[in-house]
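For what it's worth, our numbering labels the leading residue of the sequence shown as 155, then goes sequentially.
Glycine included, every Cβ here is placed at the ideal spot set by N, Cα and C.
Written out below as structure tokens is the structure these notes cover.
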Amino acid sequence: MLDITVINLEEENHTEDLLDGSLYHILLKKLPQSMLARYNRKVNEQSLTESVETLRDFVNSKAEYAKRANETIYGLSSAVTDNGKPKGKSYFVKSGSDRSSTVEKACRICNETHKVWNCEIFKSMKIEERWTNM
Ligand SMILES: [Zn+2]
155 MLDITVINLE
165 EENHTEDLLD
175 GSLYHILLKK
185 LPQSMLARYN
195 RKVNEQSLTE
205 SVETLRDFVN
215 SKAEYAKRAN
225 ETIYGLSSAV
235 TDNGKPKGKS
245 YFVKSGSDRS
255 STVEKACRIC
265 NETHKVWNCE
275 IFKSMKIEER
285 WTNM
């Protein structure tokens, strides 16, 4: 991104340098080593004319690639998060159901999962009724 700014700036202020190619070489020196290598390979492979224009197009296309790559990575990571969340949820649901399966059997009076002596219905019963329901 910085390189594009440099190229645009230099191009506007020193258009006369385009003719002798000194700007071109200055800009080449400003490129990261890996980018310079790719640029040289592209120039060779496509038999491009070495110029500020060619270099600018290359840097701009690289910037576009980087932008798309970021979008892809960003989109991918958010997709993973969306997929990951239900997975995490289902895991917790599973562990929760495992835990509830260890809870004592349903109340014999009302079928809720509490002990008979905690049952409001059982408590509200008369002693005789309790014995007949047990
Ligand atoms: Zn109950």
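How about L202 and Y178: are their beta carbons less than 8 angstroms apart?
Reading the sequence shown from its first residue, position 48 is the one you call residue 202. Reading the sequence shown from its first residue, position 24 is the one you call residue 178. Their beta carbons are not under 8 angstroms apart, which means L202 does not touch Y178 by this criterion.
Please go through the same chain and pick out, in chain order, the residues whose beta-carbon is closer than 8 angstroms to the beta-carbon of V270, but skip the five residues on each side of it.
Locating residue 270 in the sequence shown gives position 116, where the first residue counts as 1. For V270, where only same-chain residues beyond five positions count, the Cβ hits under 8 angstroms are C261, R262, I263, F276 and M288.
Tell me where the alpha helix (DSSP H) around M189 begins and ends.
For the purposes of this step, residue 189 is identified with residue 35 of the sequence shown, where counting begins at 1. Taken as a continuous stretch (DSSP letters only), the alpha helix (DSSP H) holding M189 covers Q187 to E199.
Does DSSP classify A223 as helix, strand or coil?
Here the question's residue 223 lines up with position 69 in the sequence shown. Helix at A223.
Using the beta-carbon count (16 or more within 10 Å), is S249 buried or exposed?
Mapped onto the sequence shown, residue 249 falls at position 95. Residue confidence for S249 is low, a pLDDT of 44 falling below 50, so the modelled location carries little weight and cannot support an answer.
Counting only the same chain and skipping the five closest in sequence on each side, list residues whose C-beta sits under 7 angstroms from that of P240.
Translated into the one-based positions of the sequence shown, residue 240 becomes position 86. With a pLDDT of 45 at P240, under the threshold of 50, the predicted position of this residue should be treated as unreliable, though the coordinate-derived value follows. Nothing listed; no residue qualifies.
Please determine whether the Cβ atom of E283 lies at a distance below 7 angstroms from any heavy atom of ligand 1.
Numbered from its first residue, the sequence shown carries residue 283 at position 129. Result no, Cβ not under 7 angstroms from ligand 1.
Could you round the C-beta distance between V197 and E207 to whole angstroms and report it? I think they count as a contact, below 8 angstroms.
Walking along the sequence shown from the start, residue 197 turns up at place 43. Walking along the sequence shown from the start, residue 207 turns up at place 53. So it is not a contact: roughly 12 angstroms between Cβ atoms.
DSSP three-state label for E282, please.
Locating residue 282 in the sequence shown gives position 128, counting from the first residue. Helix at E282.
Enumerate in chain order the residues of its own chain whose CB-to-CB distance from N194 is below 6 angstroms, with the five nearest sequence positions on each side excluded.
Within the sequence shown, numbered from 1, the residue matching residue 194 stands at position 40. Closer than 6 angstroms at Cβ, skipping near neighbours: no residue.
Which of helix, strand or coil does DSSP assign to E274?
One-based indexing of the sequence shown puts residue 274 at position 120. E274 falls in the helix class under three-state DSSP.
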